[in-house]
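Accompanying notes for the structure given below.
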Amino acid sequence: MRGSTFIKENPFGFLEPIHQHILHNATPLTMTNWPMLFIVPLIPLSLVCYLVQIEGTRRYRLPLGILGCAMIVRAAMSYRFDEIEYNAFNNGICISAMHLAAKYLEYGCIKGPIVDPYVARGSRSLFMGAIDLAINSRMVGLGRIKSSRRSPVGRTSNEVKGPDGGVQVNGSATPDVIPHHRERWLPYTSDPGRSRLSAAFRHFRLMVIYYTVFDTLMALLWHVGGSTIADPHGRPGAVQTFLDSSHFVMLPKLAHPLPVPTALVVVIIELSIATAVWQAISMGYHTVALMAVASGLWETEAWEVDIFDAPWKADSILDMWGRRWHQIFRHHFLLVSVLVLRTLRLPTTPTFVLPIIFFLSGAMHALGQISMSLVPDPIRIATFFVLSGVGAALEAMFSRLTGKHVRGLWGRIWMWTWFIVTGRFAAFTWLEGGLGGNRLVPTDFAFRPGPVITRWLIEYAFDTVKR
1 MRGSTFIKEN
11 PFGFLEPIHQ
21 HILHNATPLT
31 MTNWPMLFIV
41 PLIPLSLVCY
51 LVQIEGTRRY
61 RLPLGILGCA
71 MIVRAAMSYR
81 FDEIEYNAFN
91 NGICISAMHL
101 AAKYLEYGCI
111 KGPIVDPYVA
121 RGSRSLFMGA
131 IDLAINSRMV
141 GLGRIKSSRR
151 SPVGRTSNEV
161 KGPDGGVQVN
171 GSATPDVIPH
181 HRERWLPYTS
191 DPGRSRLSAA
201 FRHFRLMVIY
211 YTVFDTLMAL
221 LWHVGGSTIA
231 DPHGRPGAVQ
241 TFLDSSHFVM
251 LPKLAHPLPV
261 PTALVVVIIE
271 LSIATAVWQA
281 ISMGYHTVAL
291 MAVASGLWET
301 EAWEVDIFDA
311 PWKADSILDM
321 WGRRWHQIFR
331 HHFLLVSVLV
341 LRTLRLPTTP
351 TFVLPIIFFL
361 SGAMHALGQI
371 SMSLVPDPIR
381 IATFFVLSGV
391 GAALEAMFSR
401 LTGKHVRGLW
411 GRIWMWTWFI
421 VTGRFAAFTW
431 LEGGLGGNRL
441 VPTDFAFRPG
451 PVITRWLIEY
461 AFDTVKR
């Protein structure tokens with residue numbers, strides 16, 4: 001894959017003025033102004049989430065939702081990390097802002113109320129229920145959407161399910177959320193009866209494991225590609241330069257180390273980037289879960305639904321994206337897709353729903369880069385997610401034509417082949433855009449197991465030799 005995947009000028013086309021406005025006017029985040037981004041814009045959300053649990057409050061929630069949406073968008077455009085090694089966090093801030101804006105609009109518009117099962121049982125106050133609604137993006141226990149009234153759009157008495165049962169709409173443009181348990185796309189634990197101490201220790205243990213793996217992956221990246229794929233300032237064609245300039249061997253202690261084919265190195269690079277994303281998000285989830293459980297404010301079982309469900313076990317593209325990968329944005333992707341199709345009077349079948357879902361995913365990940373100083377090519381990033389939608393649509397078509405689902409050994413071969421072929425659109429672009437040189441914590445952070453493990457791996461497992 002020769003040529004540049006890193007854009008220096010006008011990466012966002014007609015939206016480039018917004019990008020330039022952010023870069024020239026946003027205030028660098030500091031230890032004193034961070035509440036202006038992470039706390040103040042969320043105050044209306046707490047009020048909206050409190051009111052949405054009470055009957056007949058839409059007249060108050062709607063203006064609060066609009067206000068909150070404006071506040072979160074303004075905050076994301078006004079504050080950013082100025083240090084180049086933390087540029088990836090700017091991507092996370094903008095994606096989170098879009099997600100929260102959607103939450104503001106949804107909770108402001110739905111008729112309601114949303115009934116938290118814990119509040120209904122009396123084990124949670126409305127205040128704690130509001131906090132949980134604000135952070136429960138996967139709608140754990142609340143994952144079903146039901147119509148609040150009939151609309152002239154697509155009148156029908158039949159519920160229409162999304163491709164995996166995640167959203168059900170009954171001809172409504174203003175859906176309501178109702179309690180729902182054991183969503184089959186979420187990894188519910190088989191042992192929800194842990195004590196608080198045991199649950200807190202589990203989250204702590206997993207947090208440390210995920211952090212260690214992530215830190216090791218990044219340390220390895222910096223060691224083998226510090227001037228190419230791990231350059232935080234970005235480098236066009238960095239991946240190809242890295243491949244052309246290095247010779248890879250396994251078991252370097254042997255008299256004749258084993259050579260590693262370049263094609264295998266490419267696959268390892270792609271899988272390493274996906275693994276790093278998986279580890280970082282999982283670490284963040286278990287960090288928050290540890291604080292929530294240890295504080296005593298949440299029930300232990302409320303945080304037993306892990307954020308990922310063994311991605312290595314996926315045996316189809318739909319299984320990977322629809323269940324195994326994190327489902328943080330699933331609710332809004334399905335909701336918007338179904339409402340768009342209803343408005344256009346089109347059937348809400350997988351053939352129509354899946355392309356919209358993956359288009360939304362691609363657009364979100366591409367536009368989420370709008371506050372980044374170095375911008376990986378948004379088109380290539382979006383292309384990866386759109387191609388995932390194409391693969392998922394092919395699976396849905398196969399199931400409809402044959403009556404069989406894509407699964408098992410052949411499903412795994414198909415899925416991994418598709419991801420390895422298309423994954424470089426995202427992995428290579430992120431690396432050449434400088435994200436391989438970004439950091440999660442400062443270099444002088446007290447707990448850095450990655451460099452220690454890396455030194456051992458380089459000495460005994462594998463190494464690179466400059467050509």
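Residue numbers for the sequence shown, in UniProt numbering: 1 to 467. A virtual CB, placed ideally from N, CA and C, is assigned to each residue, including glycine. Being a predicted model, the structure only gives us computed values, none of them experimental.
Under the three-state DSSP convention, the category residue i falls into
| i | result |
| --- | --- |
| Tyr79 | strand |
| Val375 | strand |
| residue 468 | Coverage of the chain is limited to positions 1 through 467, which leaves residue 468 absent and any answer about it impossible. |
| Leu258 | strand |
| Pro449 | helix |
| Val465 | strand |
| Pro28 | strand |
| Gly389 | helix |
| Gly296 | coil |
| Trp34 | coil |
| Leu186 | coil |
| Thr349 | coil |
Cβ-based burial, residue i [other Cβ within 10 Å; buried from 16]
| i | result |
| --- | --- |
| Ile43 | exposed |
| His21 | exposed |
| Phe329 | buried |
| Pro259 | exposed |
| Ser337 | buried |
| Thr402 | exposed |
| Tyr211 | buried |
| Phe127 | exposed |
| residue 468 | Residue 468 lies beyond the stretch modelled for the chain, which goes from 1 to 467, so this question has no answer here. |
| Ile110 | buried |
| Arg342 | buried |
| Asn25 | exposed |
| Ala263 | exposed |
| Arg149 | Reliability fails at Arg149, whose pLDDT of 40 lies under 50, so the model's placement of it is uncertain and the value that follows must be treated cautiously. With fewer than 16 other Cβ atoms within 10 Å, it is exposed. |
Beta-carbon proximity check, residue i vs residue j, cutoff 8 Å
| i | j | result |
| --- | --- | --- |
| Phe358 | Ser388 | yes |
| Gly129 | Val119 | yes |
| Ala97 | Ala76 | yes |
| Pro41 | Asp82 | no |
| Thr429 | Leu220 | no |
| Arg80 | Ile95 | no |
| Val249 | Pro257 | yes |
| Phe204 | Ala280 | no |
| Glu378 | Ala392 | According to the sequence as given, residue 378 is Pro; it is not Glu. Contact: no. |
| Pro311 | Ile84 | no |
| His326 | Ile307 | yes |
Cβ neighbours of residue i in the same chain (closer than 7 Å, five flanking residues each side left out)
| i | result |
| --- | --- |
| Phe398 | Val406 |
| Cys69 | Ala101, Tyr104, Leu105 |
| Ala427 | Ile269, Glu270, Ile273 |
| Met36 | Ala75, Tyr79 |
| Thr287 | Met207 |
| Arg448 | Asp215 |
For residue j and residue i, believed in contact at Cβ under 8 Å, the rounded distance
| i | j | result |
| --- | --- | --- |
| Pro187 | Asp309 | 4 Å |
| Met218 | Ala276 | 7 Å |
| Arg184 | Arg194 | Contact doesn't hold; Cβ gap of about 22 Å is too wide. |
| Leu344 | Ala396 | That belief does not hold up - the Cβ atoms of Leu344 and Ala396 are roughly 19 Å apart, past 8 Å. |
| Phe333 | Gly362 | Phe333 to Gly362, Cβ: 11 Å. No contact. |
| Thr300 | Ala134 | No, Thr300 and Ala134 are not in contact; Cβ-Cβ is about 20 Å, not under 8 Å. |
| Asn87 | Gly368 | No, Asn87 and Gly368 are not in contact; Cβ-Cβ is about 12 Å, not under 8 Å. |
| Leu374 | Gly433 | 6 Å |
Distance cut-off 7 Å: residue i Cβ against heavy atoms of the ligand SAH
| i | result |
| --- | --- |
| Phe308 | With respect to the ligand SAH, the structure shown offers nothing to examine, as it has no ligands at all. |
Residues near residue i by beta carbon distance below 8 Å, same chain, minus five either side
| i | result |
| --- | --- |
| Ile370 | Phe12, Leu15, Ile18, His19, Ile22, Cys94 |
| Trp303 | Ala199, His203, Ala289, Ala292, Val293 |
| Trp416 | none |
Same chain, Cβ closer than 6 Å to residue i, neighbours up to 5 away in sequence not counted
| i | result |
| --- | --- |
| Phe462 | Met250 |
| His223 | Thr454 |
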